[in-house]
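Enquirer:
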Amino acid sequence: MDKKNTIAKIKSFAQSGKCSGNSLEEVFARCYLAVQETLGITPFDEQLSAALSLSNGRMVQMQTGEGKTLCAVFAACYEVISGGAAPNGGIVHILTFNDYLADRDCNWMRPVYEEMGVTVGCITGDTPREERGALYKKQVLYITAKEAGFDYLRDFVCYRAGGTIFPEKLNLAIVDEADSILIDEARIPLVIAGDVAVKESGDIAEFYYRVSALGKGDFEVDKETRNVYLTDNGADKAEEIFGCNIYAADGAEVLAKICACLKAREVLAENKDYIVSDGNILLVDEFTGRAAPGRVFPGDLQAAVEAKHDLRITSRGRIMGNIALQYFVRLYPKLAGMTGTAEEAREEFEKFYGILTDVIPTRLPCTRIDRPLELYYDKTEKRKAILEAIIEAVKIQRPVLVGSESIEESERIAEDLWRLGIGCKVLNAKNNAEEAAIIARAGERGAVTISTNMAGRGVDIKLGGVDCADKAFVVGVGGLLVLATSMRESSRITKQLRGRAGRQGDVGESRFFASLDDVIMQKHELRKLAGRHYPTSKIEGRLTDKTLLKEAERVQRISEGDTFDERVNLMKYTMIGEKHRETTFARRSSLLDGSYKAEMWQKNANEMYRVALGMFPEQELQSLQNHILAALLNEFWSDYLDYTTYLREGIHLTQVAGRNPAEEYNIACEEYYENAAESIPDRMTDKLRDVMECDNLGEYRLDMPTRTYTYLLNDMGEEFKAKPILMGMFDDYETEAEKLSDNPVDNGDNEAGKKGFFGKLFGKKK
Ligand code: ADP
Ligand code: MG
């Protein structure tokens, strides 16, 4: 579409007031007027342009502070009004970065929606379930992707017909801060767990204690994946300690636990990866740098970390369902997004989500000064320079925002400043709730704010304070100064940080510090990249070698490429589970709402069923059959998830045997799914037997969890990155696999060629 023309048309419609029709231009014109009338501001052309892109299903790049919140309203209203006829056709979910923004944006924009005759609502973590059903019927809903995803999962563990709330058919999602949700957090699985009959998991505290016998030389840490591996020596020792062959099929769980304990002890660091608060382990989100309550380490790792700190081992019951954010977002047939940094991820948006990116120029030219990388020999030198930069700003009362890498680093800088008598505000896990208010004031005269990665994203930083009272003064000293304390894993994250200054044409400056001992430099081996340009002994002050600097910047691009590849690779593993989840979830909801009639008893236990018909009314029996099958699908799905977790722990071993792990993994999942599905008719027959022992059907109790709860896993796919380093064990694997294939541990079903390597190695779980 010719945007310029369209925008002119919209404005002329608005001027004439002749815009009662439902064409795009007319709806936008009505919206334009509604914004003027209710909010007292006039939308800029750039905002109309962004809104048009959103309506066109695009990813919109628009700088921070340019007014994206308003753009989404235009696109949402048009979708509602133009799609209203179809069932659920018009509904729009605006997926926000956090609960605070969902609430803020909904209430901020509500008058515009009301003026437009569009219903709007907001759901946050605090919204009670009883109220959510009605809110999901609103035409426009502000909600975080996480919260929506959890409701989707909760419906999967709903055991009551009519008890589900999540819309059956989704329509359009407009994702705010889209790169964060669609890329940085995309892999994070949302999990729903329930307190159901938990399988014995072994006493991890005891394990942790016994693993203390393993020391230097017994294991190696893979720097890149942060996984721990036993050396040959360590493996021998471990087998002695635990009295089993840890590389045999039935030793896999022991091996996984040993590695979890070692990782908890050797790799995960308090205050960097997690914090201990009130006897609980709270994970630190690597992107926001904030504690993420409810998020836990995967597998045995959480319990191992709890054991490390002598905490009570929390029992978590069983995982009943999960979905990674990227797959959840794909459930929406239409998708659009907006963020300050989309350009860098253009390829990824297209490849993973099939959406194109439109870049909207800023309304006023950007006058922020972005300084080139300032590189130092080590962290000490770097910190000295950062402190100097802060002191310089404080002297002239120029506001400074420091973007640090971790809570620990924030606190160290704050301590240094306090020692110098400089007060500052620190944003970290401990003052989560006030974060938005503090960041909003980061532009005040003399303010020093230290914040982890992207804390307070989506909040406007106005020069001279929230009311701009001191704006002239702050402009006079150069505007907001942003200091990034280390090189980020992608230039997108660096750019987000820089974008905190210089909003809407404001003056501002960003500086960007790094040192040779930054994690990213070590991980990608800057020393090798830079060769003879790499310093051989300590250098004080800023490093000036041009080649060294160029290579240091290249590290970021290498890291970007790596994480991109990782995400592509992970996709290969997760696709199969997605297919299975989709089928299982769909089957289950059709059973619950009665649109599908289960006939397992009629078909597989006909005689018994006929007897049952003599005892109970047919309709009730049918409805019970549907419910029992739905519950059984939950059980089946939990088993499946258990199995796939178990499989992932050892997936890298297939590389040892020269096979393609992704392929092997897919084969194993597919086989498990099919075989487990085959067992369902028999399990249903067992249930019918139980039913017939009841005097009346009301007596029958479904197997269901006493309680369910949701959380986010920290990451997924670590296992898939693992490299086999136990090459010395190669022969043992082969023989182990062969032994199993000749002498299967399962029910003897061993069609040659059908089973993958994993089928052989682990056998099927019963
Ligand atoms: P973004 O999400 O792009 O960072 P916001 O939607 O939070 O930006 O808006 C930033 C600021 O710009 C807000 O304070 C808002 O009130 C203001 N703003 C947005 N649009 C306009 C407009 N057309 N005229 C005046 N102020 C506006
Ligand atoms: Mg915003």
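Per the numbering used here: the sequence shown = residues 3 to 768.
Ideal Cβ placement from N, Cα and C applies to all residues, glycine included.
CA-CA distance, A74 and E116?
Expert: Here residue 74 is taken as the residue at index 72 of the sequence shown, counted from 1. Here residue 116 is taken as the residue at index 114 of the sequence shown, counted from 1. Approximately 15 Å, taken between the alpha carbons.
Enquirer: In three-state DSSP terms, what is M694?
Expert: Within the sequence shown, residue 694 is the residue found at index 692, counting from 1. The answer is helix: DSSP assigns M694 an H, G or I state.
Enquirer: Pick helix, strand or coil for Q141, following the three-state DSSP scheme.
Expert: On the sequence shown, residue 141 is found 139 positions in, with the first residue counted as 1. DSSP places Q141 in coil when its eight states are reduced to three.
Enquirer: Taking contact to mean at least 3 C-beta pairs separated by less than 8 Å, is the segment 559-575 in contact with the segment 593-601?
Expert: The segment 559-575 vs the segment 593-601: no contact.
Enquirer: Is L429 closer than 8 Å to I440 when the C-beta atoms are compared?
Expert: As a working note, residue 440 is residue 438 in the sequence shown. As a working note, residue 429 is residue 427 in the sequence shown. Yes, Cβ-Cβ distance for I440 and L429 is below 8 Å.
Enquirer: Spatial neighbours of F221 within its chain, please: CB distance less than 7 Å, with the 5 preceding and 5 following residues excluded, ordered by chain position.
Expert: As a first step, residue 221 must be located in the sequence shown, where it is residue number 219. These residues qualify, in order along the chain: V230, Y231, L232, T233, G236, L264.
Enquirer: Can you pull the DSSP bridge partners for L482?
Expert: If you number the sequence shown from 1, residue 482 lands on position 480. Partner(s): G510.
Enquirer: Since L690 and A632 are thought to touch, with beta carbons under 8 Å apart, how far apart are those beta carbons, to the nearest angstrom?
Expert: For this step, residue 690 is matched to residue 688 along the sequence shown. For this step, residue 632 is matched to residue 630 along the sequence shown. So it is not a contact: roughly 15 Å between Cβ atoms.
Enquirer: Would DSSP call A175 helix, strand or coil?
Expert: As a working mapping, residue 175 is identified with position 173 in the sequence shown. Correct three-state label for A175: strand.
Enquirer: At the level of alpha carbons, what is the spacing between R348 and K497?
Expert: Within the sequence shown, the letter at position 346 stands for residue 348. Within the sequence shown, the letter at position 495 stands for residue 497. Cα-Cα distance, rounded: 15 Å.
Enquirer: When we look at the beta-carbon of R650 and count the other beta-carbons within 10 Å, is it buried (16 or more) or exposed?
Expert: As a working mapping, residue 650 is identified with position 648 in the sequence shown. It counts as buried.
Enquirer: Closer than 7 Å to a non-hydrogen atom of ligand 1 - does that hold for the CB of T56?
Expert: The residue labelled residue 56 in the question sits at position 54 within the sequence shown. The sequence given here has Leu at residue 56, not Thr. L56: no, Cβ never under 7 Å from ligand 1.
Enquirer: For ligand 3, any of its heavy atoms closer than 7 Å to the Cβ of K70?
Expert: Inclusion of ligand 3 in the displayed structure is not the case, the ligand content consisting of ligand 1 and ligand 2 alone.
Enquirer: If you reduce the DSSP assignment to three classes, tell me which class M111 lands in.
Expert: By one-based count along the sequence shown, residue 111 stands at place 109. In this structure, M111 counts as helix in the three-state DSSP scheme.
Enquirer: So is the beta-carbon of G507 under 7 Å away from any non-hydrogen atom of ligand 1?
Expert: The sequence position of residue 507 within the sequence shown is 505, counting from 1. Incorrect: G507 has no Cβ contact closer than 7 Å to ligand 1.
Enquirer: So for Q63, helix, strand or coil by DSSP?
Expert: One-based indexing of the sequence shown puts residue 63 at position 61. Here Q63 sits in strand by DSSP.
Enquirer: Can you list, in chain order, the residues of its chain with a C-beta nearer than 6 Å to that of L643? Leave out the 5 residues immediately preceding and following it.
Expert: As a first step, residue 643 is located in the sequence shown; it is residue number 641 there, counting from the start. Here the set comprises I321.
Enquirer: Just the C-alpha distance for I325 and K386, rounded to the nearest angstrom, thanks.
Expert: Here the question's residue 325 lines up with position 323 in the sequence shown. Here the question's residue 386 lines up with position 384 in the sequence shown. Going by the C-alpha atoms only, they are around 44 Å apart.
Enquirer: I believe T40 touches V142 by the beta-carbon criterion, under 8 Å. Please report the beta-carbon distance rounded to the nearest angstrom.
Expert: Against the sequence shown, residue 40 aligns to sequence position 38. Against the sequence shown, residue 142 aligns to sequence position 140. Contact flag wrong, Cβ pair sits at about 15 Å.
Enquirer: Go through its chain and collect everything with a Cβ distance to D280's Cβ below 6 Å, but skip five positions before and after it.
Expert: By 1-based counting over the sequence shown, the position of residue 280 is 278. Here the set comprises nothing.
Enquirer: Alpha helix (DSSP H) containing G563: first to last residue?
Expert: Here the question's residue 563 lines up with position 561 in the sequence shown. Run containing G563: 548-594, per the alpha helix (DSSP H) assignment.
Enquirer: I'd like to know whether the C-beta atoms of S84 and N173 end up nearer to each other than 8 Å.
Expert: Sequence index remark: in the sequence shown, residue 84 carries index 82 (1-based). Sequence index remark: in the sequence shown, residue 173 carries index 171 (1-based). Going by C-beta atoms, S84 is not nearer than 8 Å to N173.
Enquirer: G2: buried (16+ other C-beta within 10 angstroms of its C-beta) or exposed?
Expert: Here the chain has residues from 3 to 768 only, and residue 2 is not among them.
Enquirer: Go ahead and pull the three-state DSSP assignment for A416.
Expert: By one-based count along the sequence shown, residue 416 stands at place 414. DSSP places A416 in helix when its eight states are reduced to three.
Enquirer: Along the alpha helix (DSSP H) that carries C73, what are the first and last residues, could you check?
Expert: By one-based count along the sequence shown, residue 73 stands at place 71. Residues 70-85.
Enquirer: Express the C-alpha separation of E68 and L257 in angstroms, rounding to a whole number.
Expert: Numbered from 1 along the sequence shown, position 255 holds the residue referred to as residue 257. Numbered from 1 along the sequence shown, position 66 holds the residue referred to as residue 68. If you take the alpha carbons of L257 and E68, they lie about 53 Å apart.
Enquirer: Is Y231 helix, strand or coil by DSSP?
Expert: Here residue 231 is taken as the residue at index 229 of the sequence shown, counted from 1. Here Y231 sits in strand by DSSP.
Enquirer: I need the straight-line Cα distance from M610 to R589, nearest angstrom please.
Expert: In the sequence shown, residue 610 corresponds to position 608, counting from 1. In the sequence shown, residue 589 corresponds to position 587, counting from 1. If you take the alpha carbons of M610 and R589, they lie about 25 Å apart.
Enquirer: Decide yes or no for the touch test of the segment 51-69 against the segment 351-364: beta carbon pairs closer than 8 Å, at least 3 of them.
Expert: Contact between the segment 51-69 and the segment 351-364 is present, because at least three Cβ pairs lie under 8 Å.
Enquirer: Okay, do the segment 173-184 and the segment 327-341 touch, 3+ Cβ pairs below 8 Å being the bar?
Expert: Touching, yes.
Enquirer: Is any heavy atom in ligand 2 found nearer than 7 Å to the beta carbon of G458?
Expert: For the purposes of this step, residue 458 is identified with residue 456 of the sequence shown, where counting begins at 1. Answer for G458: no, Cβ out of range of ligand 2.
Enquirer: Consider the Cβ of P367: report whether some Cβ of chain C lies at a distance smaller than 8 Å.
Expert: The structure shown contains no chain C; it is built from a single protein chain.
Enquirer: Look up F30 in the DSSP assignment and give the residues it is bridged to.
Expert: Position 28 of the sequence shown, counted from the first residue, corresponds to residue 30. Answer by DSSP bridge pairing: none, since F30 is not bridged.
Enquirer: Answer yes or no: the CB of D101 versus the heavy atoms of ligand 2, is any distance below 7 Å?
Expert: Sequence index remark: in the sequence shown, residue 101 carries index 99 (1-based). No, Cβ of D101 sits at least 7 Å from all heavy atoms of ligand 2.
Enquirer: In chain order, what residues of the same chain have a beta carbon less than 7 Å from the beta carbon of L72, not counting five sequence neighbours either side?
Expert: The residue given as residue 72 occupies position 70 in the sequence shown. These residues qualify, in order along the chain: V37, P45, Q49.
Enquirer: Tell me the rounded alpha-carbon separation between R583 and E446.
Expert: Along the sequence shown, read from residue 1 onward, the residue named residue 583 stands at position 581. Along the sequence shown, read from residue 1 onward, the residue named residue 446 stands at position 444. Near 50 Å, if we compare the C-alpha coordinates of E446 and R583.
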